[in-house]
Structures are given as structure tokens and as C-alpha cells.
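To start, the structure under review is shown below, and the notes come after it.
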Amino acid sequence: MYDPKSMKAEEFICHDEILETLAYAEANKNNEELIDRILDKARLRKGLTHREALVLLDCEIEEKNQEIYALAEQIKKDFYGNRIVMFAPLYLSNYCINGCLYCPYHLKNKHIARKKLTQEEVRKEVIALQDMGHKRLAIETGEDPEMCPIEYVLECIDTIYSIKHKNGAIRRVNVNIAATTVENYRKLKEAGIGTYILFQETYHKKSYETLHPTGPKHNYDYHTEAMDRAMEGGIDDVGLGVLFGLELYRYELAGLLMHAEHLEAVHGVGPHTISVPRIKPADDIDPDNFDNGISDDIFAKLTACIRVAVPYTGMIISTRENKECRERLLHLGVSQVSGASRTSVGGYAEAEEENSAQFDVSDNRTLDEVVRWLMDQGYIPSFCTACYREGRTGDRFMSLCKSGQIQNCCDPNALMTLKEYLEDYASPETKRIGEELIRRQAEKIPNEKVRGIVYKNLEAIEQGRRDFRF
Ligand code: SF4
Ligand code: SF4
27 MYDPKSMKAE EFICHDEILE TLAYAEANKN NEELIDRILD KARLRKGLTH
77 REALVLLDCE IEEKNQEIYA LAEQIKKDFY GNRIVMFAPL YLSNYCINGC
127 LYCPYHLKNK HIARKKLTQE EVRKEVIALQ DMGHKRLAIE TGEDPEMCPI
177 EYVLECIDTI YSIKHKNGAI RRVNVNIAAT TVENYRKLKE AGIGTYILFQ
227 ETYHKKSYET LHPTGPKHNY DYHTEAMDRA MEGGIDDVGL GVLFGLELYR
277 YELAGLLMHA EHLEAVHGVG PHTISVPRIK PADDIDPDNF DNGISDDIFA
327 KLTACIRVAV PYTGMIISTR ENKECRERLL HLGVSQVSGA SRTSVGGYAE
377 AEEENSAQFD VSDNRTLDEV VRWLMDQGYI PSFCTACYRE GRTGDRFMSL
427 CKSGQIQNCC DPNALMTLKE YLEDYASPET KRIGEELIRR QAEKIPNEKV
477 RGIVYKNLEA IEQGRRDFRF
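For the sequence shown, the residue numbers in our numbering are 27 to 496.
In C-alpha cells, the structure reads:
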């Protein structure tokens, strides 16, 4: 029944295979010999199967767990160096016809303010985001074909890309909207989006149907097969994610990795990113009503296991998590973080009068503070958006990523985009720390020719030129 190449959700996310995987992991959680073999395979940096990853997740041998964490950290360094890519969410509309039990935008919530940005309001939001220094956005909407049709989303994308305020520009728009048709995915591709992101929420079909009692999202198969339609529509960078806390985390990790295996088997390219949100308090939502919440320790283990299982996939953590948690996960595999996020519609340009937020933010620092904090931890905050603009997407991107060659672009791009940020937006102290970091890191660029170009471009940025990239 389990078939990663099948196009049917119930065959590539096969419930029986997940149950067998969980039983196998449980039976082998103290099998040192097997765990050593899996760790040896993981050290090859070619990834693990869902079964192997689940054995590591369940592993109860403390010494081996420390090896898993150390390996996750090493793989993170090998594939991502010390760069962390920055982004911000932009909520366009919170009208929604679905009944998701864990989200305040659900149709029956009558005490949340409903809003949809006009193009003028989109403009204001984008200028506010540009004035912070953001270059990469993830746009978010609820599902409502009347209030928020695909044409509206496309118009917003056009508006976002068209705004050039001072030295600001949004150079990559990722899109997180409801599962849709091949035709609509094709339109999004033509609009020049980066990654299409759709969280599965839960891979457990029965729970999924209970958690989504009404609305089009109730259809598990349509939702689960969305990435295949997106790929058919020409979008070759897709982002997966589950909302941890809805179902048993072990089940979710198996489902998530099976989904990645399916994309690889059918399309020859795995997920571009994996997000790891946990359920959080919000209007009308109490996380205590969901009894599968996970502790910080389990969350760290999950992150480490994803990192070793899919080494080439970017991992994203949002401001749902607080500073301490984000700090811990950065070591274990996270490669992208949001900064200074507002999770309400119109929240960047204007102070909120009425609550329209999707969830409470746990990390309320400014982008300048987040950038400085990352640098204090030894990371290089990167505002790079080069790949899709250079046509490095899908399997082309993945092969560069898997061979490690992408690093030759990422490192110089991180330094040049950080330099832009420092010139245009940073506070004096952040600028001082950043200049010093760039000086130290630029010296380390191994290729002499590339190093020379970077020095030249850094100077040009000081003189007011922008948007250099490899
Ligand atoms: S999770 Fe998405 S689809 Fe569900 S209620 Fe919230 S906005 Fe609507
Ligand atoms: S070069 Fe490509 S992979 Fe590297 S940080 Fe930039 S966009 Fe990401």
C-alpha cells in the first residue's frame, strides 16, 4: 500500500506504514548497533529514511542522543555555514471560510477584527517593512474565494514587487495561501513568487478531518496533494510544515519525512524548506485544549532529527517561539528566522486598534535587535534572495545545494546584503559590530577572485550602489 511514487495522499502518506514505523522505532530505541549504523549513514550527509529518523527520534541512550545533536550542528555548519536568512510575514487578509479549530481566523470567530488590505495599505505595509530592512517576505491569507480570490493575491504580489522606497526593495515574495488548483499555481509562478508554502497542519487523516470540520480545507487529500499540483503548475520550490501540538509528534515527523520522500521520488526535488511551528495562544484559542503539546526538549530533538534526515532543506522558525528557544534551535539546524514580525493584517504600518492577529508573538524584538543578537551569537544575518532571481530553483538549486557548491554564492551574498542592511537601516552599535564581522568573514572567502569582487562590491555599497549578487 505504501508507495512514495503514488499521487494519492493515502498511499504516499500511508497510515499503516506510519504505525509500523512507530512500532519499529519503539522496538529499537535502545538498539545501539542499529543507532550507530543510522548515525554512520547520517554522517554521509545524504539524508535518512523516515524509519531511520524515527529510530533516532525515539533513541533513549543519552550518549547517542548527544551524538545526534552534535551531528545536527555539524551538518548545519557544513550546509549553511554560520548564515541565517531573514524574512518577515505579511498578512494580507484574514477572511476565512474554514473552521480550523486551532486558528483564530476560523469562520465562527465573531470577535476578531476582519481585515483585507487595499493596495494602498499593502504599499504602506511594504514601505514599513522596507524601512526596517526586510528584503524577503512570506505573504499570508485566510481562504476565502470571494474576499480573497487569486486575482487579489496576484495584484498584491505585483504591488509588493513594484515598490522602491529609498534604497528598499522586496526581492523575494514567498506565498503561504490555501491549497489551490494547478491553474492558480501557474499564475503564482508567473507572478514571480519564490517558495510556495503550505503547512500540512497534521498528517493524521482522522485528526485532520476532526480539526478541520468545515470548509474546503476539510478535504485531506486535496490539501495533502497540493504540492504535487504546485509542482505541476511550475512552482519548483515548495515549503512543508506541520503544526506541532495537534497530533503525536512522532506520527508527524514520520508523515513529514514521507512527504519529503514523495516529492523527491516523483519530482526529483525534495522540499525547499520545512517549518516547525508549535501551537500558540491566540484569540479564541487555548493551546491547553490540545493535549499533544511538546516540550522544548522534544522540540529540540525533532529539529535535530529533521536536520540529519534532510540536510539540504532549509528550516524555518518564526517569532511564535521566544528568544531562548530560537537560540537553541539555531544550533541544531534552523537556517531561516523571521524578525520583528506582526501577525495581524496591517500591523506594520499602524498600531493595532482591534485585534486581528493569527497568533501571539513570543519574540517582540526589533529587526535591529534580532540582527545584533544573531551577530553576537556568531551568525551572519543574511538578506540574500539571489537564487530564484538567478534562476537557481528546483532541481538546479538542489543539486548545487547537495554538492555544497551553493556555499560559494551564499557566503559572499550574505556579506553583501548584510552590508546593505548596515548602511541603510542599522543602529550605530549594530553597524559597528556588523562592519567588524564583515571584515573578518570576507578575509575567509577561499576563492581569491570571488574575494576580490566582494571587496569591490562592499566599497560600491558604501558609495550608494545596491543589489550585488552571485
Ligand atoms: S489555519 Fe488558515 S484556513 Fe484555517 S482558519 Fe486559519 S487562516 Fe483559515
Ligand atoms: S545564494 Fe541562494 S541559497 Fe544561498 S542564501 Fe542566497 S538565496 Fe539562499
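Here a beta-carbon is modelled for each residue, glycine too, at the ideal position from N, C-alpha and C.
Run the Cβ filter for me: residues under 6 Å from any heavy atom of ligand 2, listed in the order they occur in the chain.
Any residue whose Cβ sits closer than 6 Å to a heavy atom of ligand 2 makes the list: Val111, Ser408, Cys410, Thr411, Ala412, Cys413, Ile432, Cys435, Cys436, Asn439.
Considering only the alpha carbon of each residue, which of Ala164, Leu133, Gly125 lies closest to isoleucine 342?
Cα-wise, what sits closest to isoleucine 342 is Ala164.
In this structure, how does DSSP classify threonine 299 when only helix, strand and coil are distinguished?
Here threonine 299 sits in strand by DSSP.
When the distance is taken between beta carbons, is asparagine 124 closer than 9 Å to histidine 238?
Result yes, Cβ atoms of histidine 238 and asparagine 124 sit closer than 9 Å.
Please state the DSSP three-state secondary structure of threonine 250.
Helix, per DSSP.
Considering only the alpha carbon of each residue, which of Leu224, Met27, Val396 lies closest to proline 407?
With distances taken between Cα atoms, proline 407 lies closest to Val396.
Taking 8 Å as the cut-off, is the beta-carbon of glutamine 362 closer than that to any non-hydrogen atom of ligand 1?
No, since every heavy atom of ligand 1 falls outside the 8 Å radius drawn around the Cβ of glutamine 362.
Within 8 Å: the Cβ of alanine 217 and any heavy atom of ligand 1?
Not so, every heavy atom of ligand 1 lies at least 8 Å from the Cβ.
Out of Asp421, Ser364, Phe225, which one is the CA nearest neighbour of isoleucine 305?
Of the listed residues, the one whose Cα sits closest to isoleucine 305 is Phe225.
Out of Ile61, Ser188, Arg77, which has the shortest C-alpha to C-alpha gap to glycine 281?
Closest by alpha carbon: Arg77.
Measuring CB to CB, does serine 370 end up less than 9 Å from serine 382?
Taking 9 Å as the Cβ cut-off, serine 370 and serine 382 qualify as a contacting pair.
Considering threonine 167, what are the terminal residues of the beta strand (DSSP E) in which it resides?
Counting along the chain, the beta strand (DSSP E) containing threonine 167 begins and ends at 162-167.
So which of Ala204, Leu272, Lys215, Leu214 has the shortest CA-CA distance to threonine 236?
Among Ala204, Leu272, Lys215, Leu214, the Cα nearest to that of threonine 236 belongs to Leu272.
Check this for me: beta carbons of alanine 440 and lysine 31, under 9 Å apart or not?
Not a contact, by the Cβ cut-off of 9 Å.
Our contact map puts isoleucine 261 next to lysine 327 with C-beta atoms below 8 Å; I'd like the distance itself, whole angstroms only.
About 31 Å separates the two Cβ atoms, so there is no contact after all.
Going straight from the alpha carbon of phenylalanine 409 to that of alanine 49, what length do you get?
Computed Cα separation, rounded: 43 Å.
Could you compute how far the alpha carbon of glycine 372 sits from the alpha carbon of glutamate 474?
Approximately 46 Å between the Cα atoms of the pair.
Could you tell me the distance, in whole angstroms, from the CA atom of glutamate 58 to the CA atom of phenylalanine 113?
Between glutamate 58 and phenylalanine 113, the C-alpha separation is close to 40 Å.
Between the region 74-91 and the region 341-360, are three or more C-beta pairs nearer than 8 Å?
Result no; under three Cβ-Cβ pairs closer than 8 Å.
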